[in-house]
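This note's numbering puts the sequence shown at residues 138 to 209.
For every residue, glycine included, the Cβ atom is placed at its ideal position computed from N, Cα and C.
Here's the structure, in structure tokens; my notes come after.
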Amino acid sequence: MKKAKQGRRCVSICSDVAASMAYLHHHSPVQVIYCDLKPSNILLNEDMTALVSEFGISRLVITVAEGNPVSE
Numbered sequence: 138m139k140k141a142k143q144g145r146r147c148v149s150i151c152s153d154v155a156a157s158m159a160y161l162h163h164h165s166p167v168q169v170i171y172c173d174l175k176p177s178n179i180l181l182n183e184d185m186t187a188l189v190s191e192f193g194i195s196r197l198v199i200t201v202a203e204g205n206p207v208s209e
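As structure tokens, then:
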């Protein structure tokens with residue numbers, strides 16, 4: 138039973154991280170490319186929701202007139 142609970146927790150954490158990356162890449166007002174995804178940059182709050190931190194080397198993406206993305 139304990140392994141099943143740990144497995145569900147792992148899937149939940151991975152799902153939170155994937156949703157965060159999808160938001161940053163596709164849905165945020167300013168598109169962000171997160172360049173340093175690693176376990177130490179994932180924080181867990183008191184209800185075990187995963188939060189992505191440390192945006193130090195992230196890149197903002199702007200769209201030029203032709204619609205081609207360019208990172209800044």
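Asked: Val189 burial status per 10 Å Cβ neighbour count (16 or more: buried); Found: buried
Asked: DSSP three-state assignment for Ala202, whether helix, strand or coil; Found: Note that Ala202 scores 48 on pLDDT, short of 50, meaning its location in the model is unreliable and no value can be drawn from it.
Asked: In DSSP terms, what Ala187 is bridged to; Found: Leu181
Asked: Option nearest Ser191 by Cα separation, candidates Ile170, Ala159 and Asp184; Found: It is worth fixing the name first, because residue 191 is Glu in this sequence and not Ser. For the residues Ile170, Ala159 and Asp184, the minimum Cα distance to Glu191 belongs to Ile170.
Asked: Which of helix, strand or coil DSSP assigns to Val169; Found: strand
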